[in-house]
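Before any comments, here is the structure.
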Amino acid sequence: MHRPKRTDKARRVEIDRVEEMAVVKHKLVLAGLSLLEIDRRFGLSRGTAGTTLREPNAAGERAIADALGTKAHILWPSRYRPSGQRRSPQPRENYRRPPTMRQRQKAVGA
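Count along the sequence shown from 1, then add 14; that gives the number in our numbering.
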């Protein structure tokens, strides 16, 4: 049995974050909501909700969760402790941009 390489762990974290974003986007589509609508409804700067999908933003997380009628720690488990308390400071990997679709497709093909 071999130890997982550090790159394997980093790849898993990236995949988890992409899946986390996809789940939130899916819930927004099912609810008939757009990110721009959420920005307007909650008085956020334009683009805040969209950025929140990729990077931690407490106000954006609360707004999206409220619009979906749920709690932020359920939508973004990587940004919150199991108790529901927000991680502070956020783990460094939460600020890394997830790979683009093209990068993910290249990695699968390689």
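Cβ coordinates follow ideal geometry from the N, Cα and C atoms, glycine included.
Please list, in chain order, all residues of the same chain as residue i whose beta carbon is under 6 Å from its beta carbon, the five residues on each side excluded.
i: Arg68; result: none
i: Leu89; result: Val38 and Ala79
i: Thr62; result: Asp53 and Gly74
With DSSP as the reference, please indicate the residues paired to residue i in a beta bridge.
i: Arg100; result: Tyr94
Once DSSP output is grouped into helix, strand and coil, what is the label at residue i?
i: Lys85; result: coil
i: Leu44; result: helix
i: Glu69; result: coil
i: Gly61; result: coil
i: Arg118; result: helix
Do you know offhand how far residue i's Cα is from residue j's?
i: His72; j: Tyr94; result: Looking at the sequence shown, residue 72 is not His but Ala. Distance between the alpha carbons of Ala72 and Tyr94 is about 11 Å.
i: Gln119; j: Pro113; result: 10 Å
i: Pro105; j: Lys41; result: 25 Å
Under the rule that 16 or more other beta-carbon atoms within 10 Å means buried, what is residue i, buried or exposed?
i: Thr66; result: buried
i: Pro70; result: buried
i: Asn31; result: According to the sequence displayed, residue 31 carries Arg and not Asn. Arg31 should be labelled buried.
i: Leu44; result: exposed
Residues in its own chain within less than 7 Å of residue i by CB, not counting five upstream and five downstream?
i: Gly64; result: Leu49
Only counting the same chain, and skipping five residues up and downstream in sequence, which positions put a Cβ closer than 8 Å to that of residue i?
i: Arg55; result: Ala77 and Ala81
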